[in-house]
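Residue numbers (our numbering): 4 to 108. Ideal Cβ placement from N, Cα and C applies to all residues, glycine included.
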């Protein structure tokens, strides 16, 4: 009997956590991060869920660099955007976890 009660309570907490994670993922869809490289000549825009939405390259600058330099700078900008997105996601998840801890009694 007590086991059933505890199982139901844990299931309720799990459902609550899943709901919070889904809400966080939705919020992260609306958070925009930007990674830049080549002194701002390349900008990569991603969301908090680490999905790249846009890549902006300065055309004048692009015409002055080699393909390999362009590729390297593009990778740098992408990595910077994704690193920022990861930090945002971690902060959101940490905030949610802190809010859940008092309720885990």
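Could you check which residue in 41, 10, 18 and 34 has the C-alpha nearest to that of residue 69?
Minimum Cα-Cα distance from residue 69 among the listed residues 41, 10, 18 and 34 corresponds to 41.
Can you grab the Cα-Cα spacing for the pair residue 26 / residue 75, in whole Å?
Take the alpha-carbon of residue 26 and the one of residue 75: they are about 35 Å apart.
Mind checking whether residue 43 and residue 88 have CB atoms under 7 Å apart?
Not closer than 7 Å, so no.
Tell me whether the beta-carbon of residue 23 lies closer than 7 Å to the beta-carbon of residue 100.
No, these two residues do not count as a Cβ contact at 7 Å.
Where the beta strand (DSSP E) containing residue 39 begins and where it ends
In the DSSP assignment, residue 39 falls within the unbroken beta strand (DSSP E) covering 35-40.
Could you check the C-alpha separation between residue 31 and residue 64 for me, to the nearest Å?
About 32 Å.
DSSP three-state call for residue 66: helix, strand or coil?
DSSP places residue 66 in coil when its eight states are reduced to three.
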